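Numbered per the working numbering, the sequence shown spans residues 3 to 176.
Glycine is no exception: its CB is placed at the ideal position from the N, C-alpha and C atoms.
Please read these numbers as outputs of a predicted model, since none were measured by experiment.
Below is one structure; the comments refer to it alone.
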Amino acid sequence: MSNPHDDPGRRPPPPRQGEPPSSYQGGPPPYQGDPPSYQGPPPPQHPGGPWQGPPPGHGMPPQPPSPPAYAPRGDKGIFGALFDLNFDHMVTTRLIKVSYALAMVVYSLIALVMLLFAWSFSVWNKPLALATLVATPIFWIAGLLSTRLILEFVINQFKITEHLKAMREREGLR
3 MSNPHDDPGR RPPPPRQGEP PSSYQGGPPP YQGDPPSYQG PPPPQHPGGP WQGPPPGHGM
63 PPQPPSPPAY APRGDKGIFG ALFDLNFDHM VTTRLIKVSY ALAMVVYSLI ALVMLLFAWS
123 FSVWNKPLAL ATLVATPIFW IAGLLSTRLI LEFVINQFKI TEHLKAMRER EGLR
C-alpha cells in the first residue's frame, strides 16, 4: 500500500493530555455528501418522565401473587396425607427436613466414632491414627454433601410435579 492512511491496522495516536479527543473512532470518517444515518424513533415520553413508567392502563395488568405450587393444598396433616390414596398430598416434602437432620446426626455420630478409633489407634499404630484423623472430616463433609444432593434432587422432582399439577388445574385439564 502506497498511502499509510489506507492501512486498516494503522490507528491515529492517542490524544495528548489536555487535548480534546479526535472524532476518529476506528472507522472511516464520514463523507461530506452522505446523509446522516437513521437513529430510529425517539423513545416515548411519559407524562411524569421516563422514570415513572407507562401511564395507567398501558402495559400488562398486575397479577395477584399466587401461592407457591409446592405448598400442599388443603392441609391434611401427615397422617391424613399417609392415607391419601390419590397421592394428592405429598408426605416427602414434609419429612425432608427431618430426614436431613437425621442424616446430620448419623454422620456426626459416625465421625465421632472414627475419632475415638483414631485416638485408640494412636497407642499402637500412629500412621493409621493420622490417616483416620484426616479421613474423618472428609467422610463427614462428603456424606452430608451427597445426602443433601440426593434430597435436593428428590424435592425438585416433587416441585416439578406440583408445578405441572398447578398448570393443569389453571388450564382446566383436570
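Check, Outcome
"First through last residue of the alpha helix (DSSP H) which encompasses M92", "That residue, M92, is in no alpha helix (DSSP H); it is neither H nor E in DSSP."
"Residue environment, H165, which counts as buried when at least 16 other CB atoms sit within 10 Å", "exposed"
"Extent of the continuous alpha helix (DSSP H) to which K128 belongs", "K128 to E173"
"Distance CB(T134)-CB(A113) smaller than 8 Å", "no"
"Q84 - containing alpha helix (DSSP H), residue span", "Checking the sequence, you will find Leu at residue 84 rather than Gln. Run containing L84: G79 to L84, per the alpha helix (DSSP H) assignment."
"Cβ-based neighbour list, L153, same chain, cut-off 6 Å, excluding 5 preceding and 5 following", "I98 and Y102"
"Inter-residue Cα distance where the pair is T149 and F160", "17 Å"
"Rounded C-alpha distance that separates M169 from L84", "25 Å"
"Own chain partners of A120 with C-beta closer than 6 Å, once the 5 adjacent residues on each side are dropped", "A131, T134 and L135"
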